[in-house]
Amino acid sequence: MKNLLIADDNEQILDVLKEYALKEGYHVYTARTGREALGEFGRRSYHAVLLDVMMPEVDGFEVCREIRRKSMVPIIMITARGEDFERIMGLDIGADDYVVKPFSPSEVMARLRAILRRLDLAGNEHQQYLARGSLDISIESFQVFIHGEEVRLTKKEIEILFLLASKMGNVFSRGHILDSVWGYDYYGDDRTVDTHIKRLRAKLDKYSHPDWRIVTVRGVGYKFEMSHE
Numbered sequence: 031m032k033n034l035l036i037a038d039d040n041e042q043i044l045d046v047l048k049e050y051a052l053k054e055g056y057h058v059y060t061a062r063t064g065r066e067a068l069g070e071f072g073r074r075s076y077h078a079v080l081l082d083v084m085m086p087e088v089d090g091f092e093v094c095r096e097i098r099r100k101s102m103v104p105i106i107m108i109t110a111r112g113e114d115f116e117r118i119m120g121l122d123i124g125a126d127d128y129v130v131k132p133f134s135p136s137e138v139m140a141r142l143r144a145i146l147r148r149l150d151l152a153g154n155e156h157q158q159y160l161a162r163g164s165l166d167i168s169i170e171s172f173q174v175f176i177h178g179e180e181v182r183l184t185k186k187e188i189e190i191l192f193l194l195a196s197k198m199g200n201v202f203s204r205g206h207i208l209d210s211v212w213g214y215d216y217y218g219d220d221r222t223v224d225t226h227i228k229r230l231r232a233k234l235d236k237y238s239h240p241d242w243r244i245v246t247v248r249g250v251g252y253k254f255e256m257s258h259e
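Counting from 1, position 55 in the sequence shown corresponds to residue 85 in my numbering; the numbering is continuous, with no gaps.
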């Protein structure tokens, strides 16, 4: 049975999500403040976390940051607002997904199933490590190195880079990247991929890597290719 932590200061939302999660077969633990969520997370091993953004004592963003310092457990952020800056901030600090209130509990469970299913499939894949010239990627430890120096990337950025580098020269459409990395039919648009690629490039370009690059194929998508200079 998988352990699930649900953190939300709204008791009604907490009870509804707990009810649905129990029906899905999760062993559910709950928290009503950010500090309580961090305490619960430190007590046992979790398979996933549903995390409200606006919580007393410590907000969800800070809880996510603290969890990411020690774990790559899947995190779905819950927000009362659908503003882009909250969504981007949540994803940039390491959240795997987000849902906006009011939401369907069934949709939350579907997204949770999709993330865990994708991780199970990734865990069964033979290849967990890639070396491409000066670039080294470990999908098992979620680490990226350029010339032996670690590059600090989010989970989604590492997963996108691994996907592109795993099949050099292949062009991946934005839809393909969404399906492969997010693991479900994304409730948004292709700009999500463009935003992540832009941030990924900015971080990678702080390190010299003339031997490889991420290429934009106009009107189609993106690909990873080795340079021959």
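The beta-carbon is built from N, C-alpha and C at its ideal position, and this holds for glycine as well.
This structure is a prediction, so every number in the text was calculated from the model and none was measured.
Span separating the alpha-carbon of LEU146 from that of LEU183: 21 Å
CB contact flag (ASP82, ILE43, <9 Å): yes
Rounded straight-line distance, which links the Cα of VAL129 to that of LEU160: 32 Å
Span of the beta strand (DSSP E), counted from its first residue to its last, around GLU180: 179-181
Reduced DSSP secondary structure (H/G/I, E/B, other) of SER97: Per the sequence presented here, residue 97 reads as Ile, with Ser not at that position. The answer is helix: DSSP assigns ILE97 an H, G or I state.
Cut-off 8 Å between Cβ atoms - residues of its own chain near SER257, not counting five sequence neighbours on either side: PRO240, ASP241, TRP242, ARG243
Residues near ALA232 by beta carbon distance below 7 Å, same chain, minus five either side: none
Residues sharing a beta bridge with LEU80, DSSP: ILE36, ILE106
Beta-carbon separation (whole angstroms), ILE207 vs ILE188, contact threshold 8 Å: In fact, because the Cβ distance is near 13 Å, the residues do not count as touching under 8 Å.
Length at least 3, wholly inside the segment 218-247: the beta strand (DSSP E) runs in chain order: 242-247
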